[in-house]
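Asker: Sharing a structure below in structure tokens format, with a few things to ask.
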Amino acid sequence: MRDQPLSLLDITQMDISQHQFAFLSACETAVGDIETPDEVIHLAAGLQFAGVKSVVGTLWKVNDSTVRRLVEAFYKNLCGDGKMNHKRAARALHQAVHSLARDKDLPLDQRIVFIHIGV
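Position one of the sequence shown corresponds to residue 1 (my numbering), numbered consecutively onward.
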């Protein structure tokens, strides 16, 4: 892929099943293209189709400060015992989102921007 951009189609045709987990903190990594809004394929789903067992993505724009806070809480929950286990990703995200939900100064759209798909 050095000579051209990496496309979503390229990703879905790869075998990356040796990877258990991906965290996509950039904006809109779990939404489709604006020209095909009804399509269910997006970067997060593409990684899962290619074999990644557990993927966290975002549904819309997210502030850097929100990402920092959520990622810190997420990895504390995911790796609290010193070991990363992709099977704990959904629960770790739930706990991290819950910790943000207590901050009533944080807009609702920033508290619920992340989703988990997969195992």
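Every residue gets a Cβ at the ideal spot worked out from N, C-alpha and C, and that includes glycine.
1. Which full runs of the alpha helix (DSSP H) of 4+ residues lie inside the segment 28 to 83, going along the chain?
2. Which residue marks the beginning of the alpha helix (DSSP H) containing Ala92, and which one marks its end?
3. From the DSSP output, which residues share a beta bridge with Ala26?
4. Going straight from the alpha carbon of Asp10 to that of Gln95, what length do you get?
5. Tell me, please, whether the segment 96 to 116 touches the segment 56 to 71 by the rule of three or more beta-carbon pairs shorter than 8 angstroms.
Answerer: Judging by the given coordinates:
1. 43 to 49 and 64 to 78
2. By 1-based counting over the sequence shown, the position of residue 92 is 92. Ala89 to Ala101 is the extent of the alpha helix (DSSP H) around Ala92.
3. For the purposes of this step, residue 26 is taken as the residue at position 26 of the sequence shown. Paired residues: none, contrary to the question.
4. Translated into positions along the sequence shown, residue 10 becomes position 10. Translated into positions along the sequence shown, residue 95 becomes position 95. If you take the alpha carbons of Asp10 and Gln95, they lie about 33 angstroms apart.
5. yes
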